[in-house]
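Numbering (the working numbering), first residue to last: 323 to 414.
What follows is the structure, encoded as C-alpha cells:
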C-alpha cells in the first residue's frame, strides 16, 4: 500500500478504491461537482455518493464548499486528490 492509496484524517483512514479513483478523475476533469453529478457518473445512490464524497473530503482528497445558501454543496478535487490519481491537471 502506498501513501497515495491511504490517507489519514484524525483517526479516520480512507483506502482509495477503483471507484474512488474514477470519481477523482471525473472531479479533476470537471472541476466543480455536485453530488447529483456523482450519482449519474458512477451510477450509485445519492446516499452512496454522499458517503464517498464525505469520506474523500475527510481524508483531504476533496474540498466541500457550500457556495450558495440552501443549495447543494459543490465539491472540488484537492492537490492531494490530484496526486492520488497522478494527474497533471492544475488544482481548481
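No residue lacks a Cβ here, since even glycine has one placed at the ideal position from N, Cα and C. Keep in mind that this is a model prediction, so the values were computed, not measured.
Secondary structure note for residue 385: its beta strand (DSSP E) is the uninterrupted segment 384-387. For residue 397, the three-state secondary structure derived from DSSP is strand. Where residue 342 is concerned, the enclosing alpha helix (DSSP H) starts and stops at 340-352. One thing to note: residue 395 has its Cβ within 9 Å of the Cβ of residue 357.
For residue 401 against residue 413, the beta-carbon gap comes to about 5 Å, under 8 Å, which counts as contact. Here the alpha carbons of residue 370 and residue 346 stand approximately 15 Å from one another.
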